[in-house]
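Asker: To convert, take the position in the sequence shown, counting from 1, and add 6; that gives my numbering.
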Amino acid sequence: MKQEGVHFRYGSSDNTIQNSYIHHTGRGTTKDQGYGEGVYLGQAVSNWQGGKPDKSDRNKVLNNRIGPEVTAECIDIKEGSCCGEVRGNHFDGHGESGQNYAESHIDVKGDKYVIEGNTGTHPLKNGFEIHHQAKAGIGGCENTIKGNTCSGLPSGGKCAISFSTACKNYIDN
């Protein structure tokens, strides 16, 4: 797979990916490694059509095995998307490239997501991260990360952390 494994975009909503095994993504050129996400929800602000958010909402990622050799995040949740669920997945961070800040199992820039009951091993930096996308002026708000477990964290790594200071999120791991 040259870049991402599964991509829900262009308003693709109310979908579920379940019981899948996603691995060995980002296998094109060296540049492709930074775009080798396992599952990608929505689109970055730089790819929005007509400057409007990609409202790929209410998507669910359930009981999947993602990694190893997923060169970007196992799941990348983009600004503008909302209200999805990520539950019961297992993430293996072996092979994360670190390109384009791909250093965690999940990067959450969407709003009102529930990330619960997942396990992860060997992330490059942190297990689960929340970010506010300043360029978009939205995202990274009202998310819940709870009941997840992480192993093989690097020195200083956290299982879950929010870098979003623009709004509130709930983390209990």
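Beta carbons: idealized from backbone N, C-alpha and C, even for Gly.
Quick one: what's got a C-beta closer than 7 Å to GLN139's C-beta in the same chain, skipping five residues either side?
Answerer: VAL51, GLU85, LYS115, GLY145, GLY146
Asker: Can you list, in chain order, the stretches of the beta strand (DSSP E) that have 3 or more residues and sit fully within the region 65-128?
Answerer: 66-68, 81-83, 91-93, 96-98, 110-114, 120-122, 125-127
Asker: By Cβ distance below 6 Å, which residues in the same chain neighbour THR150 in space, the five residues on each side in sequence not counted?
Answerer: VAL120, TYR176
Asker: State the Cα-Cα distance for the pair GLN24 and LEU47, rounded to the nearest angstrom.
Answerer: 14 Å
Asker: Which word fits GLY17, buried or exposed, when buried means at least 16 other C-beta atoms lie within 10 angstroms of its C-beta?
Answerer: exposed
Asker: Between the alpha carbons of ILE112 and VAL45, how many angstroms are there, rounded?
Answerer: 10 Å
Asker: What residues match up with VAL30 in a beta bridge as DSSP calls it?
Answerer: A small fix is needed here, since residue 30 is His in this sequence, not Val. Per DSSP, none; premise fails for HIS30.
Asker: Can you look up TYR16 in the DSSP assignment and give me helix, strand or coil?
Answerer: coil
Asker: Would you tell me roughly how many angstroms separate the C-alpha atoms of PHE97 and GLU122, rounded to the nearest one?
Answerer: 13 Å
Asker: Could you tell me if ASP60 is buried or exposed, where buried requires 16 or more neighbouring beta carbons within 10 angstroms of its beta carbon?
Answerer: buried
Asker: In chain order, what residues of the same chain have a beta carbon less than 6 Å from the beta carbon of ASN65, not counting five sequence neighbours either side?
Answerer: Answer for ASN65: PHE14, ASN21, LEU47, GLY90, listed in chain order.
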